[in-house]
Amino acid sequence: MTAFSRPDGREKDVLRPISFEANFAPNATGSVLVSFGNTKVICGASLEKKVPSWMRAQNVAGGWLTAEYSMLPYSTHDRKQRDSSKGRLDGRSVEIQRLIGRSLRAIVDLKKLPGYTLWVDCDVLQADGGTRTASITGAYLAARLAVETLIEDKKLKENPFSDSIAAISVGIYEGHPVLDLPYLEDRDASVDFNVVKTGSGDYVEIQGTGEEATFSEVELAALLGLATKGCKEISTLQTTFLSQQLLKGLAG
Ligand code: UDP
9 MTAFSRPDGR EKDVLRPISF EANFAPNATG SVLVSFGNTK VICGASLEKK VPSWMRAQNV
69 AGGWLTAEYS MLPYSTHDRK QRDSSKGRLD GRSVEIQRLI GRSLRAIVDL KKLPGYTLWV
129 DCDVLQADGG TRTASITGAY LAARLAVETL IEDKKLKENP FSDSIAAISV GIYEGHPVLD
189 LPYLEDRDAS VDFNVVKTGS GDYVEIQGTG EEATFSEVEL AALLGLATKG CKEISTLQTT
249 FLSQQLLKGL AG
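In my numbering, the protein residues as written are 9 to 260.
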């Protein structure tokens with residue numbers, strides 16, 4: 009029997025190297041380039057003095073937070089045509105941007121964004137698996153940095169976020185539950201999960217499917233255990249990054 013090994017040599021419960029670069033897109037109110045190994049996503053947050061028409065029509069108080077997601081044409085190995093030249097929105101992108109928006113709205117008090125929409129745009133610069141979970145992780149940071157600037161600029165009175173949010177993929181690859189799948193593993197995985205958790209440890213969303221396969225209760229518990237470990241580690245990295253950025257802001 010040959011020993012199990014991952015294509016990039018990581019242990020089953022180890023994340024890819026993760027990094028965050030602040031102010032990658034300086035014209036956004038807050039922005040971050042998030043990298044999970046070779047997956048890189050630009051996340052930019054901007055405020056608009058407007059709420060969606062359904063909120064105005066129903067006289068809903070407060071504001072809104074929403075997200076958009078897309079893959080740049082050169083982010084994939086084969087060029088991916090832009091939606092604007094195809095003339096229709098890609099179903100996968102719509103699903104992912106709704107997931108990003110829902111995840112962020114789980115930890116935001118919309119009443120603290122009165123009359124505003126906070127847009128978080130996630131554009132994949134380089135795709136190597138886990139772009140949606142990297143997007144959620146970076147979108148939170150970009151939004152949080154934007155909030156600091158908006159408070160400084162007196163556009164917002166207080167931070168509308170009550171918690172943080174992080175996300176990671178887990179899956180069963182060659183019969184083994186593994187954390188943070190790059191494309192090669194994602195492509196061949198028999199079970200594929202995306203897990204979103206708050207910094208305080210609650211679940212926001214679990215997307216899990218057997219890809220022409222099934223999974224047992226035991227495997228499910230192993231996958232969620234890996235996701236919890238991953239999200240905890242990401243959450244710690246997010247906290248460190250944000251405190252460094254906020255300190256810089258105070259100094260500057
Ligand atoms: N992918 C691609 N072209 C596409 C969609 C996906 O090359 O149109 C690749 C990309 O590396 C992506 C991976 O397949 O990260 C897995 O895609 P999936 O839909 O599972 O989403 P993700 O894992 O990126 O959240």
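Ideal placement from N, C-alpha and C gives every residue a C-beta, glycine not left out.
* **Proximal residues to F12 (C-beta, below 7 Å), its chain only, five neighbours per side dropped** => Your numbering for residue 12 matches position 4 in the sequence shown. Cβ within range, chain order: E182 and H184.
* Asked: For D196, is the beta carbon positioned less than 8 Å from some heavy atom of ligand 2?
  -> Only ligand 1 can be found as ligands here, which leaves ligand 2 out of the picture.
* Inter-residue spacing [alpha-carbon to alpha-carbon] between W62 and Y211 -> Position 54 of the sequence shown holds residue 62. Position 203 of the sequence shown holds residue 211. Each residue's Cα considered, the two are about 28 Å apart.
* Does ligand 1 have even one heavy atom less than 8 Å from the beta-carbon of A135? -> Along the sequence shown, one-based indexing puts residue 135 at 127. Yes, the Cβ of A135 comes within 8 Å of a heavy atom of ligand 1.
* By Cβ distance below 7 Å, which residues in the same chain neighbour S83 in space, the five residues on each side in sequence not counted? -> Here residue 83 refers to the residue found at position 75 of the sequence shown. Result list for S83: V132, L133, Q134 and A135, in chain order.
* Top-ranked residue by Cα proximity to E156, from S143, P168 and G146 -> Within the sequence shown, numbered from 1, the residue matching residue 156 stands at position 148. Checking every option, the nearest Cα to that of E156 belongs to P168.
* Is the beta carbon of L5 less than 9 Å from the beta carbon of D200? -> The structure shown does not extend to residue 5, since the chain spans only 9 to 260, so no value can be given for it.
* Asked: Candidates I26, D98, A235 and I173: which alpha carbon is nearest L112's?
  -> Residue mapping note: residue 112 aligns to position 104 of the sequence shown, counting from 1. If we check each option's Cα against that of L112, I173 comes out closest.
* **Cross-strand partners of F249 (DSSP beta bridge)** => Translated into the one-based positions of the sequence shown, residue 249 becomes position 241. Paired residue(s): none; F249 is not in a bridge.
* Would you call the CB atoms of A147 and A75 closer than 9 Å? -> In the sequence shown, the residue the question calls residue 147 occupies position 139. In the sequence shown, the residue the question calls residue 75 occupies position 67. Yes. Within cutoff.
* Spatial distance of C239 from V59 (CA atoms) -> Position 231 of the sequence shown, counted from the start, is the residue given in the question as residue 239. Position 51 of the sequence shown, counted from the start, is the residue given in the question as residue 59. Cα-Cα distance, rounded: 32 Å.
* Integer-rounded CB distance, given that S78 should sit under 8 Å from S101 -> Residue mapping note: residue 101 aligns to position 93 of the sequence shown, counting from 1. Residue mapping note: residue 78 aligns to position 70 of the sequence shown, counting from 1. Sure, about 6 Å apart at Cβ, within 8 Å.
* Nearest-angstrom Cα separation, counted from A197 out to G109 -> As a first step, residue 109 must be located in the sequence shown, where it is residue number 101. As a first step, residue 197 must be located in the sequence shown, where it is residue number 189. Roughly 27 Å separates the two Cα atoms.
* Can you tell me whether E193 is buried or exposed, with buried defined as 16 or more other CB within 10 angstroms of its CB? -> Here residue 193 corresponds to residue number 185 of the sequence shown, with the count starting at 1. Buried is the call here.
* To do: Indicate the three-state DSSP secondary structure (helix, strand or coil) for S39 in the structure shown.
  => As a first step, residue 39 is located in the sequence shown; it is residue number 31 there, counting from the start. Strand, per DSSP.
* **Where I104 falls, given that 16 or more other Cβ within 10 Å makes a residue buried** => Residue 104 sits at position 96 when you count from the first residue of the sequence shown. Buried, because 16 or more other Cβ atoms sit within 10 Å of the Cβ of I104.
* **C-alpha distance - K120 paired with Q89, whole-angstrom precision** => For the purposes of this step, residue 120 is taken as residue 112 along the sequence shown, with counting starting at 1. For the purposes of this step, residue 89 is taken as residue 81 along the sequence shown, with counting starting at 1. Cα to Cα, the separation comes out at about 38 Å.
* DSSP three-state call for K94: helix, strand or coil? -> Locating residue 94 in the sequence shown gives position 86, where the first residue counts as 1. Helix, per DSSP.
* Please report the Cβ distance between A33 and S39, rounded to the nearest whole angstrom; I am assuming they are in contact, meaning their Cβ atoms lie under 8 Å. => Position 25 of the sequence shown, counted from the first residue, corresponds to residue 33. Position 31 of the sequence shown, counted from the first residue, corresponds to residue 39. Contact flag correct, Cβ pair sits at about 4 Å.
* **Span separating the alpha-carbon of E220 from that of R106** => Translated into positions along the sequence shown, residue 220 becomes position 212. Translated into positions along the sequence shown, residue 106 becomes position 98. Distance between the alpha carbons of E220 and R106 is about 25 Å.
* Asked: If you draw a straight line from the alpha carbon of D129 to that of V226, how long is it in whole angstroms?
  -> The count along the sequence shown starts at 1 and reaches residue 129 at position 121. The count along the sequence shown starts at 1 and reaches residue 226 at position 218. Cα-Cα distance, rounded: 37 Å.
* Asked: Going by Cα to Cα distance, which pick from D117, L73 and G123 is closest to N67?
  -> If you number the sequence shown from 1, residue 67 lands on position 59. When each option's Cα is compared against that of N67, the closest is G123.
* What do you get for Q253, buried or exposed, if any count of 16 or more other CB atoms within 10 angstroms of its CB means buried? -> Within the sequence shown, the letter at position 245 stands for residue 253. It is buried - the Cβ of Q253 has at least 16 other Cβ atoms within 10 Å.
* Selection from I159, V203, G138 and R140 that minimises the alpha carbon distance to K237 -> As a position in the sequence shown, residue 237 is number 229, starting the count at 1. Among I159, V203, G138 and R140, the Cα nearest to that of K237 belongs to V203.
* What residue ranges within the segment 144-210 form continuous beta strand (DSSP E) runs of no fewer than 3 residues, ordered along the chain? -> 173-181, 184-187 and 199-206
* Beta carbon of T125, beta carbon of F44: below 9 Å? -> By 1-based counting over the sequence shown, the position of residue 125 is 117. By 1-based counting over the sequence shown, the position of residue 44 is 36. No, they are not a contact pair.
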